[in-house]
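Note sheet for the following structure.
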Amino acid sequence: KVIKCKAAVLWEANKPFSIEEVEVAPPKEHEVRIKIMATGICRSDDHVITGALVMPFPIILGHEAAGVVESVGQGVTSVKPACTLLECAFRQFQDHLLLLPVAFAILKLKEKGKKFLSLILSYCKCKINCSLLVGKFTKFSPLLSTGWSTVNEVAPLEKVCLIGCGFSTGYGAALQTAKVEPGSTCAIFGLGGVGLSVIIGCKVAGASRIIAVDINSNKFAKAKELGATDCVNPKDFKKPIQEVLMEMTGGGVDYSFEVIGRTDTMTAALACCHYNYGVSVIVGVPPAAQKITFDPMLLFTGRSWKGSVFGGWKSKDAVPKLVADYMKKTFVLDPLITHTLHWTKINEGFDLLRTGK
Ligand code: NAD
Ligand code: ZN
Numbered sequence: 001k002v003i004k005c006k007a008a009v010l011w012e013a014n015k016p017f018s019i020e021e022v023e024v025a026p027p028k029e030h031e032v033r034i035k036i037m038a039t040g041i042c043r044s045d046d047h048v049i050t051g052a053l054v055m056p057f058p059i060i061l062g063h064e065a066a067g068v069v070e071s072v073g074q075g076v077t078s079v080k081p082a083c084t085l086l087e088c089a090f091r092q093f094q095d096h097l098l099l100l101p102v103a104f105a106i107l108k109l110k111e112k113g114k115k116f117l118s119l120i121l122s123y124c125k126c127k128i129n130c131s132l133l134v135g136k137f138t139k140f141s142p143l144l145s146t147g148w149s150t151v152n153e154v155a156p157l158e159k160v161c162l163i164g165c166g167f168s169t170g171y172g173a174a175l176q177t178a179k180v181e182p183g184s185t186c187a188i189f190g191l192g193g194v195g196l197s198v199i200i201g202c203k204v205a206g207a208s209r210i211i212a213v214d215i216n217s218n219k220f221a222k223a224k225e226l227g228a229t230d231c232v233n234p235k236d237f238k239k240p241i242q243e244v245l246m247e248m249t250g251g252g253v254d255y256s257f258e259v260i261g262r263t264d265t266m267t268a269a270l271a272c273c274h275y276n277y278g279v280s281v282i283v284g285v286p287p288a289a290q291k292i293t294f295d296p297m298l299l300f301t302g303r304s305w306k307g308s309v310f311g312g313w314k315s316k317d318a319v320p321k322l323v324a325d326y327m328k329k330t331f332v333l334d335p336l337i338t339h340t341l342h343w344t345k346i347n348e349g350f351d352l353l354r355t356g357k
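Position 56, counted from 1, in the sequence shown is what UniProt numbering calls 56; the numbers after and before it change by one each time, with no gaps.
Following this line, the structure appears as structure tokens:
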């Protein structure tokens, strides 16, 4: 049966969400319908709101969710109703990691004005066959039956939902993409949920010096709690931050991470690496249509510049393992949770994100 439920709909850029009734169709072949139990807010959602990440409107955002299977479509054998699932921003189809940052829902407007919407699954015909556009700021959501991750049922869903994007992205950027080595020095630009997760990853990897960089000094206490050894606010210096870091480390860091989504900090992060063996990882989403101009000498001498999406993990295999590691207390998630709100307070949640809280 069609389920009618509420969803937070964004009708146009730079406007608040409005809570609307949507219809979620019964799952078709190879689809499941999930009841969303908890969802995180990620800056990437806000990039869609501001237009920095271009998506079609109207849209239901949200891409790190934990939920329970409500019903399954024909041909689905791997899960059954009541199974717990973790929905990931970047899913693994067959053996590929889905590279398109499109884990968002498209709403098909049926009767504009009556605010009657039908939540539909959309498949884009990209090379790896399918991508799924599904929003999680809603009570029920359809999901393609491949590419999900089943979760140990005892895991607290309101915490492990962060493994669906923010945590895994930062943690994997350190462990998988950069492959941080014990005893190394790391610099992390941007201390939101993702940047703090990079710090957790650097610490687990055994980095001996972890330099946290942010223009909001209120972020430093938590960065230290998670393992940062030094905290630097670029606003406290007249000279460029890369020069400050070069001096602090006597020649540059081994690994740097840009976890903001700005082109100037992407080049600053590259420049603060050791000229010969430094590795810099772009984690922040680059603003749409912006280009970077940089001195190629920065790369010529031996630095490497990399990008990282969803921490380089293959979600289907990695997410259950990350959940198990969380349950074994390999890492913590609590410090990443600053507020817990009912999902209908979504606009308040985004205000908290935008004001750095
Ligand atoms: P956030 O907004 O919570 O954190 C960003 C931090 O950067 C804030 O603490 C802010 O004060 C700081 N900052 C802003 N401008 C700065 C500057 N000029 N210098 C130093 N610090 C500055 O964001 P988040 O949710 O942690 O996400 C971080 C970035 O990662 C976003 O761009 C997001 O879209 C992106 N992201 C990428 C992936 C991926 O797969 N690569 C996944 C999730 C999020
Ligand atoms: Zn995200």
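Note that CB positions come from ideal geometry on N, CA and C, so glycine has one too.
Within the same chain, Cβ atoms closer than 7 Å to the Cβ of Leu322 are found at Ile163 and Ser168, the five residues on either side in sequence being excluded.
Unbroken alpha helix (DSSP H) stretches of 4 residues or longer found wholly inside the region 245-290: 263-271, given in chain order. Short of 6 Å from the beta carbon of Ser208, and not among the five residues preceding or following it, lie these beta carbons of its own chain, in chain order: Gly183. Exclusion of the five residues before and after Pro81 leaves Val69, Glu70, Ser71 and Val72 as the residues of its chain whose Cβ lies within less than 7 Å of its Cβ. According to DSSP, residue pairing for Val9 in a beta bridge involves Ser18. In this structure, the beta-carbon distance from Glu12 to Phe57 falls below 8 Å. Take Lys1, set aside five residues on each side of it, and the residues of its chain with a beta-carbon closer than 8 Å to its own are Pro26, in chain order. Within the same chain, Cβ atoms closer than 7 Å to the Cβ of His274 are found at Gly251, Gly252, Val253 and Asp254, the five residues on either side in sequence being excluded. Under the 8 Å Cβ criterion, the region 192-199 counts as touching the region 252-271, having at least three qualifying pairs. Taking all protein chains shown into account, Thr267 has 16 or more neighbouring C-beta atoms within 10 Å of its C-beta and is therefore buried.
The beta carbon of Asn276 sits closer than 8 Å to the beta carbons of Thr301, Gly302 and Arg303 from its chain, once the five residues preceding and following it are set aside; these are given in chain order. Proximity to Lys35 across Asn218, Phe331 and Leu157 peaks at Leu157, based on C-alpha coordinates.
DSSP places Glu225 in no beta strand (DSSP E) but in the uninterrupted alpha helix (DSSP H) bounded by Phe220 to Leu226. If you compare the alpha carbons of Lys238, Ser280 and Arg262 with that of Pro286, the shortest gap goes to Arg262. The three-state reading of DSSP puts Phe189 in strand, counting E and B together. Proximity to Thr344 across Ile282, Glu29, Ile3 and Ile41 peaks at Ile41, based on C-alpha coordinates. Per DSSP, Gly67 is not a residue of any alpha helix (DSSP H); the beta strand (DSSP E) it occupies stretches across Ala65 to Val72. DSSP places Ser78 in the coil class of the three-state scheme, outside both helix and strand. Between the ligand NAD and the CB of Pro240, the shortest heavy atom gap is not smaller than 7 Å. Counting only the Cα atoms, Lys222 lies some 21 Å from Met248.
Looking from the CA of Thr39, the closest CA among Asp351, Val332, Thr340 and Lys4 belongs to Thr340. Rounded to the nearest angstrom, the gap between the Cα atoms of Lys179 and Ser308 is 12 Å. In this structure, the CA atom of Lys238 is about 9 Å from the CA atom of Val244.
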